[in-house]
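In what follows, a single structure is set out as structure tokens and then discussed.
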Amino acid sequence: MAIFEKNNIFVIETQNLHYVLGVLDNGMLQHIHFGDKCNVDDYEVMPFSEENSTISPLDSLKTEYSTFGSAIFRETAFKATFADGCRDTRLIFDSSENIGNTLYIKLKDQHYPLVIKLKYECFESNDMISKSVIISNEGADDIIIEKMYSAEITMPSKNVYSSVNSNGCWGNEFEMQTTPVNCGELVYESRKGYSGHTNLPCFALSENISEDNGKVYFGLLQYSGNFKVLINRDSNNTTRAFIGINDFDFKYALKCDESFETPTVFCSVADGFTQMSNRINDFSLEYIFPENFRTKPLPVLYNSWESTEFDISIENQTKLAEIASKMGVEYFVMDDGWFGKRNSDRAGLGDWFVNKEKFPNGLKPLIDKVNSLGMQFGIWVEPEMVNADSDLFREHPDWAYHFDNRNGSELRNQLVLNVTRQDVKDYLFNCLDELLSENNIRYVKWDMNRPYSEVGGENLDCPQSVWYYHIMSVYDIVDRLKKKHPDIQFESCASGGGRCDLGAISHFDEVWTSDNTDPVDRLYIQNGYSLFYPRKAMRAWVTNSNDGSRRVALDYRFAVSMQGVLSIGSNLLKYTDEEVETCKKYIELYKRYRNVIQFGDLFRLADLMNNPYCITEYLDKEKKQGIVFICRGTDSLFKNNYAVVKMKGLEKDRNYCIDTGNKKILKSGAYFMNKGIDFKLYGACKSAIWIVTTE
Ligand code: DGJ
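First residue of the sequence shown? That's 1462 in this note's numbering, and the numbers climb one at a time after it.
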């Protein structure tokens, strides 16, 4: 039984964990436990009493979902204003309901017609619990919601927790930072309209954590819009995490008989970061990815952006495709520049019609050519955006977000379309649907290259809900296109990794992690990404864009990009026959091991933050096949030539063969894990790929 109740104590049980809450005598809901299982009969609520006149008992209570109202002075999960101006919410337990693996706890305001249902879904074998909140207005007047986190999670111990999140930027996404939460508040958020390059809509709190040991409490928000993660530690040393839609410039008018469900948070408690990452990966493969390609290995693709940028022609794309096909590439994706008057980033966005000068007979001849070379064809779009220099903007200037008496701020010469308008949504859906219906396109790279400003939403009753509706419209257009064109894969891109989050991964099949394709930088980016997000979604290109600043062998570039979904982005017109052969060799190898990489377990044996090497091991679920990538960083030429690789996750009594390229080593799993393999790699930016098999 996954969910059970006894004397108003509710236990959500997964394979190894309990999430427990209970109802106090006064009807308030108390958080009791989240962690390893205990004897169910031992759980009890803890009544609270007066402290002193400067601290309210409500501040100390382990609330399950706190509301602004009564004497509470700390961060709360919810705040609303009722029609009479009252800004005070007081929720009392009403009832509970169990449907399958889902528990609903119904809370009602003591006076106003506000009903809040806390929804918990239990994913037993994955040790994951989802939380969301359904808010309903059972009265006649609007209720204005100003804040509604999806979850509030109280940490069990009074010790100082460390919080892990990213402090990235364009080109340096997923720069992981660990911050001790001694006191006060730590906020990770986005105010840009999309999840952005800086912080992640996730939390991970731990004491003394390592890859293999220590408890980590984590949660991931399934949402790509403005989010807020707030961690605080109060004067009683209680640490709480709040996660959900950002309350920045946000309001939602809940109408009579209307309900609103917050985005879902997926939470768990793991032993060490490795278990956390692998749990998220497995869970995403089972429940998060869109179904069409969830269980299918993703293809090796070529993307033409770094080769031709806006200077696209049938000739240059054909030449690139011919070389790509020789290498064994499976999808050929033509990037920006094929539509409208798109010869630079100054014009064309919004005009999703084939540029007749570049493609006089439409896209068909190029697509036919690509198909005849044995590859599928993919295309780039940026539907949410418009250039002032476009037919669309000249015809519908009011379709871009704006305030009547303010100039629209352009970034990369573009403005943001108000996709919350039905006419704009229809226009975009129809353009894309036509493009996909008329052409044999199997891959769409959906880009989005600027934060939103002057976000006027005069079409909405409550303009400050525009941030929420924008991302919902994006999800809706993508979902409808996917439904109508089930064979097409969708990639989420936002100036690199600006829209990599669990929300995006629920609607798109893969994500573009960063525009920075320098392989050394990429090792840091990929390491951070792999902590929270599934590697099956992680597109990783081999390119030569950094040749001027850091020369790195092609072998090294492959050793890095093969750690996600291998793609090629180099200017193949400049490749020698020998380089093409090298690409072919690695693409073949990747195809043999991509199931292990995309679906197996990942062990981060060493990272470049703390070691001269980045070493990652991927192992299939049967623990029979694996692949190890060893990439040395840019450190001293005379030091650190020697290292030891200690494998993880193998069966200790099983015999394995590790092929290092130079020799095959036959030993037991125990030997490889406990003793390890001594090896040497001379010089910076050297790499090796090892293959693990069973005898
Ligand atoms: C930003 C993306 O991240 C790049 O990969 C490329 O698609 C450009 N946009 C095209 O404008």
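For every residue, glycine included, the Cβ atom is placed at its ideal position computed from N, Cα and C.
About 7 angstroms separates the CB atoms of Q1875 and V1847; that is less than 8 angstroms, so the two are in contact.
With fewer than 16 neighbouring CB atoms inside 10 Å of its own CB, L2098 falls in the exposed class. The Cβ atoms of W1631 and D1976 lie closer than 8 angstroms to each other.
Sequence-distant partners of Q1571 (beyond 5 residues in either direction) whose C-beta falls short of 7 angstroms from its own C-beta, in its chain, are R1551, I1553.
Rounded to the nearest angstrom, the gap between the Cα atoms of V1726 and N1868 is 37 angstroms. A straight-line Cα-Cα distance of about 6 angstroms links R2000 and T1974.
A heavy atom of ligand 1 is found nearer than 7 angstroms to the CB of G1957. Taking the Cβ of N1910 as the reference point, at least one heavy atom of ligand 1 falls within a distance shorter than 7 angstroms. As a beta-bridge residue in DSSP terms, S2129 pairs with N2116. Secondary structure of K1608 (DSSP, three-state): strand. Three or more beta-carbon pairs separated by less than 8 angstroms link the stretch 1952-1967 to the stretch 1646-1665, which places the two stretches in contact. Nearest to Y2103 by alpha-carbon distance, out of Y2079, D1520, A2145, M2134, is A2145. In the structure shown, E1752 falls within a helical segment according to DSSP collapsed to helix, strand and coil. Membership of G1964 in the alpha helix (DSSP H) is indicated by the continuous run 1963-1968.
Rounded to whole angstroms, the separation of the alpha carbons of V1877 and N1816 is 22 angstroms. Approximately 14 angstroms separates the beta-carbon atoms of A1538 and F1721; this is outside 8 angstroms, ruling out the contact. With 16 or more other Cβ atoms inside 10 Å of its own Cβ, P1980 counts as buried. Under the three-state reduction of DSSP, P1518 is assigned to helix. A straight-line Cα-Cα distance of about 5 angstroms links I1840 and M1795.
Using a Cβ distance threshold of 8 angstroms, K1523 and H1492 count as a contacting pair. DSSP places T2154 in the strand class (E or B) of the three-state scheme. By the neighbour-count definition (other C-beta atoms within 10 Å, threshold 16), P1995 is a buried residue.
For Y1936, the enclosing alpha helix (DSSP H) starts and ends at 1927-1945.
Straight-line measurement puts the Cα of N1879 at about 10 angstroms from the Cα of W1928. If you draw a straight line from the Cα of E1511 to the Cα of K1608, it comes to about 27 angstroms.
Sixteen is the threshold: since fewer than 16 other Cβ atoms of the shown chains lie within 10 Å of the Cβ of V2105, the residue is exposed.
Note: A1955 is bridge-paired with G1958 in the DSSP secondary-structure output. In the three-state reduction of the DSSP assignment, V1885 falls in the helix class. Non-local C-beta neighbours of T1542 in its own chain, meaning closer than 8 angstroms and more than five positions away in sequence, comprise R1548, I1604, I1605, E1607, ordered along the chain.
According to DSSP, residue pairing for H1572 in a beta bridge does not occur. For E1722, there is no enclosing alpha helix (DSSP H); the enclosing beta strand (DSSP E) covers residues 1720-1722. Scanning the stretch 1722-1807 from its first residue to its last, the whole alpha helix (DSSP H) runs of 4-plus residues come out as 1733-1744, 1752-1755, 1766-1769, 1775-1788. Pairing Y1763 with N1900, the inter-Cα distance amounts to about 19 angstroms. Counting along the chain, D2139 sits inside the beta strand (DSSP E) bounded by residues 2138-2141.
In the structure shown, R1548 adopts coil according to DSSP, grouped into three states.
Per DSSP, the unbroken beta strand (DSSP E) holding C2092 starts and ends at 2087-2093.
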